[in-house]
Each structure stands twice: as C-alpha cells, then as structure tokens.
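> Dumping the structure here so I can ask a few things about it.
There are 2 protein chains.
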Amino acid sequence: MKSKNNLLYSIGVDLGGTNIKAAICRSDGKIFRVLSLPTEADRGPAHVVAQIHSAIERLLSKKNFLAPITGIGVGAPGSIDHEKGLVLHPPNLPGWKKVKLAQELSKRWNLRVNIENDANAAALGEAYFGSGKNRAHFIAITIGTGIGSGIILDGNIFHGEKGFAGELGHISIDYNGPKCNCGKRGCIEAYVGNSYLIAKALDERSSHPDSLLNRKAFGKTQRAANREMSVRDISLAAKRGDVFATHVLYRAGEYLGMALGNAAVLLDVTTFIIGGGIAAAGKPLFDGINASIRRNVIKPMRARIEILPAQLGNNAGVLGAASLFF
Amino acid sequence: MKSKNNLLYSIGVDLGGTNIKAAICRSDGKIFRVLSLPTEADRGPAHVVAQIHSAIERLLSKKNFLAPITGIGVGAPGSIDHEKGLVLHPPNLPGWKKVKLAQELSKRWNLRVNIENDANAAALGEAYFGSGKNRAHFIAITIGTGIGSGIILDGNIFHGEKGFAGELGHISIDYNGPKCNCGKRGCIEAYVGNSYLIAKALDERSSHPDSLLNRKAFGKTQRAANREMSVRDISLAAKRGDVFATHVLYRAGEYLGMALGNAAVLLDVTTFIIGGGIAAAGKPLFDGINASIRRNVIKPMRARIEILPAQLGNNAGVLGAASLFF
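Top to bottom, those sequences are chains A and B.
Here the first sequence stands for residues 93 to 418, where the numbers follow the working numbering.
Here the second sequence stands for residues 93 to 418, where the numbers follow the working numbering.
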C-alpha cells in the first residue's frame with residue numbers, strides 16, 4: 093500500500109447471491125463511490141456478468157473520474173482458480189459451473205482483474221483497514237447462513253492447496269453432533285449458522301413463555317413476519333434484556349469458541365475477528381466466545397486470545413477486493 | 093539445499109527426555125556418523141548441556157573429520173524462542189525453565205546454532221528427505237505420550253505467533269469428551285496418546301477373553317513386563333491377527349482422522365504424515381484414519397487426502413535439525 097502522497101484507486105466488487113456491490117476505493121481505505129445492483133442470479137451467468145459490467149460503468153461514468161484505476165478486484169462466492177481467474181461452483185449462483193470472470197472483465201475494461209473468495213476478500217479488508225491492522229496473523233470469521241473465514245498468515249491470505257482454506261464452519265466440535273449440510277457431524281455451522289440457530293430457538297422458545305421471541309413478528313421486520321423469526325429478532329430481543337434470547341446468543345458464542353479453540357491450538361493464531369449476522373448482537377455472543385475459547389486453548393495461549401468485532405461491516409468485501417491492487 | 097556437487101555437512105541433535113541423539117548429516121540426507129547418549133535429565137540443565145557437548149565431541153573426534161561443518165541444529169522439546177535461541181519449559185526436562193542452549197553451544201563449538209521444536213524438526217526431516225518431499229503443504233504428526241505435529245506451509249515450518257503452532261494433540265473432537273491433561277475436553281491426545289490408549293485397552297480387554305492382550309507380559313518385552321501393556325504389545329498382537337488389538341488400533345485411527353479432518357477443512361492441507369509409536373502398527377491404524385478423515389472433510393477435498401507413514405523413523409529429528417543448515 094502506497095503512502096498518502098501516492099494514493100491509488102481501484103475498483104472493488106463484492107459479488108453476492110442477492111446483490112452486487114461495487115465501489116471505487118482509495119488505498120487509504122476511503123470509499124470514493126459506491127453502488128449496489130441486484131445480482132438476479134436466477135437469470136444465469138451471462139446476465140450476472142452484464143450486471144457487474146453495468147455496476148462498473150455507473151461507477152466510472154457518474155462524473156468524470158480522472159485518477160487512473162489500477163485494477164478491478166472481485167470477491168466472489170465459491171472456489172476460485174487464481175491462476176486462470178475462474179469462479180468455480182459458487183453455491184448461491186445457479187448455473188455457474190466455471191465462469192471466466194477475470195477474462196470477461198479485463199477484456200471489457202482493459203484493466204487488470206484479480207478474483208478472491210468472498211470470505212478471503214472480507215478478511216483482507218479487515219487486514220488493511222479494519223480490526224486486523226498491525227496483526228500478522230488472524231482469522232476473520234463471517235457468520236451467516238454458513239460460517240466462512242479468511243485466514244491471514246504473515247499478512248497474506250493463506251489459500252491452502254486448492255483455495256479451500258478457511259472452511260472453519262466445518263470444524264466439528266462433536267463427532268456425534270448434529271448432522272451438517274456437508275455430511276459431517278457436529279460442524280460448528282450446524283450450531284451457529286443462521287438457519288440452525290433459528291431452528292433451535294424456535295424449538296426451545298415454548299419453554300420460555302416470557303420471552304419476546306414468542307411474539308409473532310417481534311421487531312416488526314419483514315423477515316420476522318415472513319419467517320417467524322430472524323437472527324435480527326434474536327439480537328433485538330437480547331438488547332432489550334430478554335433472558336432466553338441472550339442465552340441463545342451466549343450459547344452460540346460458547347460453541348463458536350470451541351471451534352476457534354481448535355483453530356488456535358493448531359496454528360497458534362490467537363486473534364479472531366467476528367462479523368456477519370449475529371455478530372451485530374454484540375455482548376452476549378462475544379462473552380460466550382471469550383469464556384469458551386479460553387477453556388479450549390492450551391495455557392500459554394490463554395492470555396493472548398483476542399476476539400474482535402469486524403470493523404468494516406458490509407464494506408469489508410469491496411475494500412478487501414479493491415485492496416488486491418493496493 | 094545444494095546440489096550433489098556441493099554437499100554440505102552439519103550436526104543434527106535430537107534432544108529427548110531419555111536420550112540425546114546426535115549425527116553428522118549431509119545435505120543429500122545421508123547420515124554420516126550417529127550416536128546416542130543418555131540425557132540424564134534428572135541431573136539438571138547444566139548436565140544435559142554437558143551431555144550434548146560430549147555427544148558432539150565424540151562425533152567430531154571419532155576420526156579426523158575434514159569437511160567443514162556449517163552449523164549445529166537442535167530439535168528440543170518445549171517452546172523455542174527462535175530469536176534468542178532459548179528452550180522454554182520443556183515438559184520432560186525437569187528444572188529447565190529458560191536455557192540459553194544456542195549460546196552455550198555456539199560459544200563452545202564456534203559454530204552457528206539453530207534450535208527448533210522437536211516436532212517441527214521431525215517435520216522438516218520428512219520435508220527434506222522423507223514422505224514430504226515435493227509437497228508444499230503437509231502436517232507431520234508424531235504419536236507418543238503426547239501427539240505433536242509440525243506444520244509445513246509453502247515448504248516452511250509455520251510457527252504461529254509465539255512458536256506454539258502444531259499443538260494438534262489438543263484439537264478436540266468432542267466438547268463433552270474425556271478430560272485431557274491440558275484441562276480441555278475431548279482432545280485427540282486423550283483418545284490416542286499412548287497412556288490413554290493403553291488405559292482404555294486395559295479397561296476393555298476382559299470383555300475380549302480370547303485376546304492375546306490378556307496374557308501377562310505378552311510379547312516378552314521389558315515394558316510389557318513392567319507396565320502390564322505397551323503400545324508395542326498392541327501392535328504385535330494386531331500383527332498376529334488379534335481381533336481386539338486390531339480394533340483398538342483401527343478405532344484410534346478413526347478418532348485421529350476426525351481431528352485431521354478438522355485441520356484439513358481449516359487449512360485445505362490434505363497430506364498428513366504419521367509417525368511415532370502406534371504408527372508402526374501400520375494397516376489397522378492407517379485404515380481407520382483413511383476411512384474417518386474422508387467422512388470428515390468437505391467434498392472437494394476428499395479425493396486429495398493422503399495419509400502417509402513417516403519414512404525416517406527415529407532419524408527424522410536429527411536429519412530435520414541438521415537441515416536447518418542446508
């Protein structure tokens with residue numbers, strides 16, 4: 093990353109299953125322009141690529157943009173073939189088997205293009221501009237439907253053999269535990285992934301008749317009305333002091349702390365940055381993680397453990413993708 | 093490592109709780125001279141250092157050794173301060189809190205000295221001269237009283253923040269599992285570490301009256317006579333077709349495969365090299381690991397998994413330590 097006197101500009105694209113977010117970012121972490129378009133993934137790969145083109149076009153044409161753009165960085169779901177710039181089998185983009193995204197974008201925009209897995213892009217964003225600044229090693233975890241993570245070792249993303257490193261959601265904490273979508277038992281995703289967490293809370297709430305979570309459409313969000321309960325409802329209830337909701341989040345933190353403890357003893361990496369859905373719930377989740385991970389690492393690591401909230405929120409993806417050119 | 097035409101020689105020392113093994117090694121992996129002295133750890137750090145000096149002296153004086161020695165590499169138990177060349181709190185060397193081993197050795201021998209954790213040294217040995225050749229990433233696991241491991245990423249030992257990386261024995265496979273010496277529950281060490289494995293087998297053998305393991309001092313080894321049962325007895329019985337002994341080893345492999353599955357999903361590292369005590373038992377253990385790890389990784393990793401026996405046996409430590417100067 094260059095000094096303030098020599099600021100660079102690049103485009104960061106965060107390709108999600110629902111929205112495409114794109115931004116012109118500066119190498120000091122400032123987001124210069126940002127916009128969001130629907131992915132419309134059901135219309136197939138060619139349409140999604142056209143949507144990305146359209147997002148970039150709007151960014152650049154908004155008014156004359158004079159500074160040179162050093163490249164386009166993309167955070168995409170699924171597995172990435174870094175050499176060839178391919179996006180392979182993203183789980184939430186139907187019809188994408190093997191898309192030559194780097195080639196498509198570089199041809200159209202005559203710019204260098206670099207693609208990174210979305211969890212890794214978010215970790216890079218935190219590494220450059222967020223909670224990971226000044227830390228050589230950390231793991232950035234995003235809690236959502238799945239649990240993704242990006243592993244930063246010696247300041248760089250660690251990809252592993254074929255780019256699948258960071259599948260922290262599939263660390264098992266109990267070989268006899270509940271079955272995960274992946275086929276394995278006891279994966280941490282099967283305890284704290286959004287849908288599992290909500291299913292468990294729905295199952296248990298009748299034993300807690302006083303809980304706000306028994307009121308239909310609590311929080312009056314659209315999602316709550318549609319789906320009985322959302323992660324946001326649980327957070328909101330906990331913030332209002334609801335004991336059951338607080339317990340659900342604390343327990344999720346405890347489970348997560350067990351998986352993070354396994355990662356810590358293996359790698360002697362003791363900084364974990366937590367973002368995504370239930371991370372916004374704050375204290376109960378973080379208290380649970382902190383208590384549990386300290387019980388689940390070897391003694392010389394205990395005092396060094398730090399569990400930090402992600403700082404960049406929804407912007408981690410575009411900033412991290414853009415940082416591929418800083 | 094230099095080419096055949098430019099062979100280097102260095103000294104590798106493997107400092108164990110019972111024996112000190114030292115060797116002059118050549119950069120093509122040939123062990124030129126080797127000897128072993130008792131550590132006599134109960135006589136305190138100064139005596140142990142004197143024993144290391146004595147081992148090196150005997151190596152060098154055996155006959156005139158003409159080729160220049162490039163340095164002394166040491167594999168030591170405990171945590172290593174690499175910058176200062178300190179050995180910190182090795183669990184099986186009583187009285188060692190902080191020993192300036194590098195300084196002591198370099199002063200006496202006027203050679204460069206490099207110290208590495210013993211599990212890491214064994215991993216380096218396998219990386220240079222054993223099962224890890226031509227593999228960028230792997231984890232080398234040594235099964236003994238404890239379960240140690242050395243993690244090779246991009247061809248180098250990964251140390252983590254403070255040198256504790258590789259504590260794979262404390263990956264938990266069941267947060268409600270048996271209590272480990274470290275205080276955590278369900279650590280893989282508490283399933284397959286020698287003493288736990290033997291305790292379980294002793295506990296269960298009466299339900300298997302036909303098993304050879306019910307015969308006192310089976311295998312007629314000293315250890316068997318002294319302690320009722322040794323890991324070697326279990327291996328030996330399995331080799332003779334004993335069903336119960338075979339089951340004990342297969343099950344140990346299954347447990348280990350669960351922990352290795354957790355490491356694999358986190359790092360996308362799919363090569364594991366297994367050495368130490370029960371690894372010598374061969375097929376039943378490896379069959380158990382292979383079956384279990386494939387059930388415990390995500391699908392895209394499954395076909396790439398390889399579980400390899402360590403090739404260098406007891407020489408991995410001295411060769412890996414010596415390789416710090418190749």
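No residue lacks a Cβ here, since even glycine has one placed at the ideal position from N, Cα and C.
Quick caveat, the model's predicted, so the values are computed rather than measured.
1) With 16 other CB atoms within 10 Å as the buried threshold, where does Gly189(A) fall?
2) So the beta strand (DSSP E) Thr131(A) belongs to, where does it begin and stop?
3) Based on the DSSP output, what are the partners of Arg277(B) in its beta bridges?
4) Going residue by residue through the segment 323-377 of chain B, where are the continuous alpha helix (DSSP H) segments of at least 4 residues, counting only ones entirely within it?
5) Could you tell me whether the Cβ atoms of Ala329(B) and Leu305(B) are closer together than 8 Å?
6) Which residues bound the beta strand (DSSP E) around Pro401(B)?
7) Check the Cβ of Thr362(A) against every Cβ in chain B and list those closer than 9 Å, keeping chain order.
8) In chain order, what residues of the same chain lie with their CB nearer than 8 Å to the CB of Tyr288(B), ignoring the 5 residues before and after it?
9) In terms of residues, what are the limits of the alpha helix (DSSP H) holding Glu175(A)?
10) What residues in the segment 252-281 of chain B bring their beta carbon closer than 9 Å to a beta carbon of chain A?
11) Three or more C-beta pairs closer than 8 Å, one from the segment 159-178 of chain A and one from the segment 203-214 of chain A: is that the case here?
12) Relative to chain A, which residues along the segment 392-413 of chain B have a C-beta separation below 8 Å, given in chain order?
13) Helix, strand or coil for Ile148(A), going by three-state DSSP, please let me know.
14) Residue range of the beta strand (DSSP E) that Asn209(A) falls in?
15) With a 10 Å radius around its C-beta and 16 neighbouring C-beta atoms as the bar for buried, classify Ala317(A) as buried or exposed.
16) Please decide whether Val357(B) counts as near chain A, where near means a Cβ-Cβ distance under 8 Å.
17) For a test of the three-state rule: what should DSSP assign to Asn127(B), helix, strand or coil?
18) Enumerate in chain order the residues of its own chain whose CB-to-CB distance from Leu400(B) is below 6 Å, with the five nearest sequence positions on each side excluded.
19) Run through DSSP, which three-state label would Ser102(B) get?
20) Can you tell me where the beta strand (DSSP E) holding Gly409(A) begins and where it ends?
21) Check the Cβ of Leu245(B) against every Cβ in chain A and list those closer than 9 Å, keeping chain order.
22) Could you spell out where the alpha helix (DSSP H) holding Asn286(A) opens and where it closes?
23) With a Cβ-Cβ cutoff of 8 Å, do Gly177(A) and Gln195(A) count as a contact?
24) Taking only beta-carbon positions, decide if Ile385(B) is within less than 8 Å of chain A.
25) When burial is assigned at 16 or more other CB atoms within 10 Å of the CB, is Arg297(B) buried or exposed?
26) Which same chain residues end up closer than 6 Å to Gly405(A) when comparing Cβ atoms and leaving out the 5 residues on each side of it in sequence?
27) Alpha carbon to alpha carbon, how far is Thr363(A) from Ala232(A)?
28) CA-CA distance, Glu398(A) and Ile244(A)?
29) Could one say the Cβ of Ile103(B) lies closer than 8 Å to chain A's Cβ atoms, at least one of them?
30) At what residues does the alpha helix (DSSP H) containing Arg307(A) begin and finish?
31) Starting from Lys113(B), trace the beta strand (DSSP E) both ways and give me its first and last residue.
32) By how many angstroms is the C-alpha of Cys279(A) removed from the C-alpha of Ser327(B)?
33) Measuring only the C-alpha atoms, how far is Arg394(A) from Ala356(A)?
34) Does the distance from the C-beta atom of Cys117(B) to that of Ala408(B) stay below 8 Å?
35) Nearest to Gly167(A) by CA position, among Ala402(A), Ile265(A), Ile144(A), Asn98(A), is which residue?
36) Between Gly109(B) and Pro169(B), how many whole angstroms is the CB-CB distance? I'm expecting something under 8 Å.
Here's the rundown:
1) It should be noted that the sequence gives Lys, not Gly, for residue 189(A). Exposed, because fewer than 16 other Cβ atoms sit within 10 Å of the Cβ of Lys189(A).
2) Run containing Thr131(A): none; DSSP gives neither H nor E here.
3) Lys271(B)
4) 323-331, 335-359
5) yes
6) 398-401
7) Gly252, Glu253, Lys254
8) Pro270, Glu281, Ala282
9) Where Glu175(A) is concerned, there is no enclosing alpha helix (DSSP H), given that its DSSP letter is neither H nor E.
10) Gly252, Glu253, Lys254, Gly255, Phe256, Ala257, Gly258, Glu259, Leu260, Gly261, His262, Ile263, Ser264, Ile265, Asp266, Tyr267, Asn268, Gly269, Cys274, Gly275, Lys276, Arg277, Gly278, Cys279
11) yes
12) Pro392, Met393, Arg396
13) helix
14) 205-209
15) Only weak support exists for where Ala317(A) lies, its pLDDT of 44 falling under 50; the coordinates are left without a value.
16) yes
17) The question names Asn, yet the displayed sequence has Leu at residue 127(B). Three-state result, Leu127(B): strand.
18) Ser223, Ile365
19) strand
20) That residue, Gly409(A), is in no beta strand (DSSP E); its alpha helix (DSSP H) goes 408-414.
21) Leu245, Phe250, Gly252
22) 286-296
23) yes
24) no
25) buried
26) none
27) 9 Å
28) 15 Å
29) no
30) From DSSP, Arg307(A) is part of no alpha helix (DSSP H); its letter is neither H nor E.
31) 111-118
32) 33 Å
33) 10 Å
34) no
35) Ile144(A)
36) 7 Å
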